[in-house]
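Heads up, the sequence shown is in the numbering used here, so the first residue is 1 and it goes up one at a time.
Ideal Cβ positions, reconstructed from N, Cα and C, are used throughout, including at glycine.
Here's the structure, in structure tokens; my notes come after.
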Amino acid sequence: MTVAQSPIRRYTRTAMVLHWLIALLITINVALIWSVDYIPEERIRFVIDSHKSFGITVLGLVLMRLLWRAANRPPDLPDSYPRAEKRTAHAAHIALYVLMIGLPLSGWMHDSAWKAAGEIKMSLFGLFEWPRISWIMNVEPVTKERLHSLFGGIHHWLAYGLYGLVGLHIAAALKHQFWDGHAELQRMWPGRDAAEPATPSSPAPRRQA
Ligand code: HEM
Ligand code: HEM
1 MTVAQSPIRR
11 YTRTAMVLHW
21 LIALLITINV
31 ALIWSVDYIP
41 EERIRFVIDS
51 HKSFGITVLG
61 LVLMRLLWRA
71 ANRPPDLPDS
81 YPRAEKRTAH
91 AAHIALYVLM
101 IGLPLSGWMH
111 DSAWKAAGEI
121 KMSLFGLFEW
131 PRISWIMNVE
141 PVTKERLHSL
151 FGGIHHWLAY
161 GLYGLVGLHI
171 AAALKHQFWD
181 GHAELQRMWP
191 GRDAAEPATP
201 SSPAPRRQA
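See the structure below:
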């Protein structure tokens with residue numbers, strides 16, 4: 001008797017490219033800001049400016065990713081995953097999106113409340129001027145100073161949230177792959193539709209976004 005096989009349900013190429021590009025840019029951005037304590041004084045401005053540019057790029061890419069996701073439903077998780085794990089994965093993905101938007105947004109707000117923001121323009125990779133958030137720039141100095149610390153604090157704590165959640169996200173992906181024996185990483189990696197063992201009663205595959 002031949003055992004029925006269910007093909008791996010993959011994300012679309014566009015979703016994969018955006019996932020890995022955003023993950024790479026976030027990693028670079030965190031490395032850049034961590035390097036600030038170890039680099040010569042004269043390079044710090046360049047590094048922080050690059051951090052802002054990468055961060056704004058991440059914001060744009062995440063918004064594109066969400067638009068793409070709205071139009072192209074992600075593939076369902078394998079039927080064999082326990083319901084609780086499916087719910088947890090779904091909640092973790094929502095939280096990751098909240099952080100991927102909240103971090104650059106709070107950084108942009110923090111930067112807009114910087115007292116020197118009026119004199120030192122922000123430029124996206126030195127290509128063109130990137131606007132600051134005008135209502136924040138225009139508040140009176142004492143409030144602006146408070147907002148600067150507030151948004152800086154939010155930015156700082158969201159970064160800790162991101163470290164924790166990305167750590168769990170990677171651990172969960174590796175657990176599904178190597179502990180449970182599912183083709184988990186392949187869902188986010190292009191390839192031919194290799195089959196994953198399934199029960200003979202598995203439903204026929206449907207084309208996924
Ligand atoms: C900064 C780093 C990362 C972030 C912010 C991130 C974020 C996300 C998000 C938000 C999703 C859900 C996609 C959606 O449903 O629209 C996802 C899916 C996924 N990620 Fe990541 N990711 C990161 C790094 C990684 C790494 C390093 C791995 C590999 C170990 C990985 C493996 C996966 C896999 C396999 C999926 C598909 C989950 C599924 O089965 O549906 N991610 N990621
Ligand atoms: C992927 C997006 C981003 C990530 C992951 C990120 C992460 C971080 C982290 C981890 C820190 C150090 C916080 C601390 O230890 O207190 C930081 C600082 C900072 N970030 Fe971001 N950030 C992002 C986007 C942005 C954006 C878009 C801007 C501005 C437009 C920005 C502006 C800043 C500034 C001004 C600092 C303080 C730098 C200093 O004075 O040392 N960030 N960021």
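Relative to the C-alpha of Y97, which residue among P78, A159, P82 is closest? A159
Excluding the five sequence neighbours on either side, which residues of its own chain have a C-beta within less than 8 Å of the C-beta of F128, listed in chain order? none
CA-CA distance, R13 and G102? R13 and G102: Cα-Cα distance of roughly 26 Å.
Through-space distance from T143 to T88, alpha-carbon basis: Separation of T88 and T143 (C-alpha to C-alpha, rounded to the nearest whole angstrom) is 40 Å.
Using 8 Å as the cut-off, can you tell me whether the segment 107-117 makes contact with the segment 171-180, which would need three or more C-beta pairs spanning the two stretches below that distance? no
What's the call for K52, buried or exposed, on a 16-neighbour Cβ count within 10 Å? buried
Under the three-state DSSP convention, the category S80 falls into: In this structure, S80 counts as coil in the three-state DSSP scheme.
Grab the span of the alpha helix (DSSP H) containing N72 for me, first residue to last. Segment: none, N72 is in no alpha helix (DSSP H) and carries neither H nor E.
Taking buried to mean at least 16 other C-beta atoms within 10 Å of its own C-beta, is F46 buried or exposed? exposed
What are the start and end residues of each continuous alpha helix (DSSP H) run of 4 or more residues lying completely inside the segment 78-123, in chain order? 83-112
Host alpha helix (DSSP H) of W34 (start-end): 13-35
Residues near P141 in its chain [Cβ-Cβ closer than 8 Å; skip 5 each side]: K115
Run the CB neighbour count on M100, radius 10 Å, all protein chains shown included, and call it buried at 16 or more, exposed below. Under a 10 Å Cβ-count criterion, M100 is classified as buried, with 16 or more other Cβ atoms of the shown protein chains found around its own Cβ.
Based on Cα-Cα distance, which residue from S80, I94, M16, I22 lies nearest to F54? I22
So, are the CB atoms of M122 and W130 less than 7 Å apart? yes
For the alpha helix (DSSP H) holding K144, just list the boundary residues, first then last. 141-174
By a C-beta neighbour count over all protein chains shown, 10 Å radius and 16 as the cutoff for buried, is E184 buried or exposed? buried
Check F46 in the structure and name its three-state DSSP category. In the structure shown, F46 sits in a helix (DSSP, three-state: H, G or I).
On a Cα-Cα basis, can you pick out the residue from V36, A113, A91 that is closest to H148? A113
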